[in-house]
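Residue numbers (the working numbering), protein chains in the order written: chain S, 6 to 278; chain H, 6 to 278.
Note that beta-carbon positions come from the ideal geometry of N, C-alpha and C, so glycine has one too.
Here is the structure we will look at.
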């Protein structure tokens with residue numbers, strides 16, 4: 006998917022919501038557990054109930070790998086289901102990979118080619134040659150960890166490296182890499198005050214923003230400092246939407262939660278754009 | 006596996022060799038490709054031919070994930086084969102994972118519990134709460150990326166953070182984390198001169214050292230600066246061993262290459278310990 010198509014989708018749906026599919030068997034409705042593939046059935050119901058309110062789905066790889074072969078099957082069925090039924094959706098493999106060049110190439114092929122996700126999250130610690138293999142895929146996107154939403158972000162990401170924070174150095178350096186136009190960045194909603202600083206470095210890039218909801222970030226604060234003329238934000242919510250209910254009405258309740266966020270976003274878009 | 010058991014194995018085998026199982030279908034002998042599971046058959050032959058010369062195997066997750074369900078099956082069969090037939094071997098899931106706490110917990114369970122690896126490689130960028138879930142498993146080991154063997158290591162890892170390099174800060178900080186006794190570190194062989202500095206911070210920890218062979222690092226240089234009284238090194242070689250031949254004699258040739266390294270290690274151990 007091109008960035009232009011993503012922006013068009015945001016305008017059509019009046020939403021920049023990404024729904025995280027972090028599916029935990031201990032949290033989904035128990036009536037699904039008797040089915041052959043509870044994770045896929047859960048995802049399918051959530052996707053069918055929310056696809057017109059969000060622009061992106063983000064399965065978190067850990068929650069699928071934790072179930073080995075069965076989990077990998079659920080993941081394949083989920084991405085195929087989205088691509089076949091809702092091809093306008095921007096899909097994110099939340100994998101946080103990154104390794105030496107030939108290994109990163111294998112990961113990139115796995116997520117961007119074989120599974121056919123539109124994008125994948127990547128960790129920056131190993132530098133240029135660990136990220137560029139992901140950037141080589143046309144009309145695919147690499148979402149680089151910059152400033153994450155967890156407490157541990159302060160251990161290294163905000164530390165000073167030659168008069169700037171490490172996360173700033175990561176973003177600046179990444180702009181010099183080959184095919185850097187395919188980069189987006191993860192910036193946690195729990196650190197809204199940092200968005201203004203980040204927008205000085207990457208005014209045009211899309212930012213994937215976790216941490217709204219369960220982790221305590223504020224949507225309006227993030228938009229105030231992080232939005233650009235093309236919106237430039239994908240706001241992720243996982244648990245608050247997909248676990249809104251664990252009864253038979255789980256998909257309906259997920260839709261209600263997604264709708265609340267979409268309406269808040271529509272209001273923000275009206276004022277700002 | 007306890008660290009004491011690993012050290013005992015090193016003493017018994019007079020080897021601190023780790024063999025990387027980075028299996029690429031385009032590089033393995035073509036006669037294997039007609040079998041039902043070429044990757045597992047390749048690994049099985051390599052393992053049977055080299056298990057007495059090495060103390061560790063390190064499957065690289067990317068090379069398995071790249072084949073989806075089939076790759077995951079090959080991985081499961083490989084780790085089960087090692088655990089059942091050569092339980093003394095220290096197994097490493099080279100996964101380079103790391104995410105917010107509940108996600109890292111899922112990854113840790115997948116690799117350390119379900120697949121039953123002895124250890125897993127983890128990226129430090131997201132800090133304490135992204136690594137501690139891996140450290141919580143008793144007699145399992147978390148191998149934290151410190152200073153990697155690739156060119157991109159100079160982008161961030163060697164940058165100065167308050168008068169020390171980022172990789173030094175990562176190692177020092179990680180020592181303050183809960184269950185830090187379960188930590189080992191990745192330090193690339195291509196940067197032998199850094200080992201002395203690292204040994205000042207972690208004199209007793211095991212270091213996993215990639216980059217000998219294909220990437221150009223020198224075994225004797227690494228040992229000169231990196232070895233401690235309990236050896237404290239696992240030297241990884243992947244391509245130079247497993248792709249020594251792509252004919253019918255691939256396992257035999259892999260053994261010859263592994264034997265050369267084991268003998269060099271035996272010589273170093275005689276002089277140093």
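Excluding its 5 nearest sequence neighbours in each direction, residue 221 of chain S has C-beta neighbours in its own chain below 7 Å: 195, listed in chain order. Closer than 8 Å to the CB of residue 129 of chain S there is at least one CB belonging to chain H. Residues of the region 69-96 of chain S with a C-beta atom less than 7 Å from some C-beta of chain H are 70, 71, 73, 74, 77, 78, 81, listed in chain order.
Residues of chain S whose Cβ lies closer than 9 Å to the Cβ of residue 62 of chain H do not exist, since the nearest Cβ in that chain is about 16 Å away. Put simply, the region 236-246 of chain H touches the region 210-217 of chain H. At least three CB pairs are less than 8 Å apart. Taking 8 Å as the cut-off between beta carbons, the residues of the region 163-180 of chain H near chain S are 164, 165, 166, 167, 171, 174, 175, 178, in sequence order. Residue 102 of chain S belongs to the set of residues whose beta carbon lies under 8 Å from a beta carbon in chain H. Taking the beta carbon of residue 122 of chain H as reference, no residue of chain S falls within 9 Å; the closest one sits roughly 13 Å away. In summary, residue 158 of chain H is buried, with 16 or more beta-carbon neighbours lying within 10 Å of its beta-carbon over all protein chains present.
Contacts with chain H at 8 Å (Cβ-Cβ) include residue 108 of chain S. Non-local C-beta neighbours of residue 33 of chain H in its own chain, meaning closer than 6 Å and more than five positions away in sequence, comprise 47, ordered along the chain. In the displayed model, residue 239 of chain H falls within a strand according to three-state DSSP. For the region 147-163 of chain S, the beta-carbon criterion of a distance under 8 Å to any beta-carbon of chain H is satisfied by 150, 153, 154, 155, 156, 157, 158, 159, 160, 161, 162. With contacts defined as CB atoms closer than 8 Å, residue 82 of chain H and residue 57 of chain H fail to qualify as a contacting pair. Residue 228 of chain H sits in a helix when the DSSP states are folded into three classes.
For a cut-off of 8 Å, the C-beta gap from residue 67 of chain H to residue 96 of chain S is around 20 Å, too long to register as a contact.
If you ignore the 5 residues before and after residue 91 of chain H, its C-beta comes within less than 6 Å of the C-beta of 56, all in its own chain and listed in chain order. Residue state for residue 122 of chain S is assigned as coil, using DSSP reduced to three classes. For the pair of segments examined, the region 98-115 of chain S was found not to touch the region 140-149 of chain H: the number of CB pairs separated by less than 8 Å stays below three. Going by DSSP, residue 79 of chain S is part of the alpha helix (DSSP H) stretching over 73-90. Residue H:71 holds the alpha-carbon nearest to the alpha-carbon of residue 121 of chain S among H:71, H:260, H:39, H:110. Excluding sequence positions up to five before and after residue 200 of chain H, its CB lies within less than 6 Å of the CB of 230, 231, all in the same chain and listed in chain order. Taking 8 Å as the CB threshold, residue 242 of chain S stays off the interface with chain H.
About 6 Å separates the Cβ atoms of residue 147 of chain H and residue 187 of chain H, confirming a contact at the 8 Å cut-off. Annotated three-state conformation of residue 141 of chain H is coil, per DSSP. Sequence-ordered contacts of the region 209-230 of chain H with chain S are nonexistent [C-beta pairs closer than 7 Å].
The Cβ neighbour count for residue 252 of chain H, taken over all protein chains shown within 10 Å, is under 16; the residue is labelled exposed. Judged by their CB atoms, residue 26 of chain S and residue 65 of chain S are nearer to each other than the 8 Å cut-off. Per the C-alpha coordinates, the member of S:168, S:103, S:88, S:233 positioned closest to residue 119 of chain S is S:88. Looking at the DSSP output, residue 45 of chain S sits in no beta bridge, so it has no partner there. At least one CB atom of chain S sits nearer than 8 Å to the CB of residue 135 of chain H. Within the region 30-48 of chain H, no residue has its Cβ closer than 7 Å to any Cβ of chain S. Within the same chain, and ignoring the five residues on either side of residue 76 of chain S in sequence, the residues whose Cβ sits closer than 8 Å to its Cβ are 44, 68, 69, 70.
The CB of residue 57 of chain S never comes closer than 9 Å to any CB in chain H; the least such distance is about 28 Å. Beta-bridge annotation (DSSP): residue 166 of chain S is paired with S:169, H:166. Residue 101 of chain H has its alpha-carbon roughly 35 Å from the corresponding atom of residue 270 of chain S.
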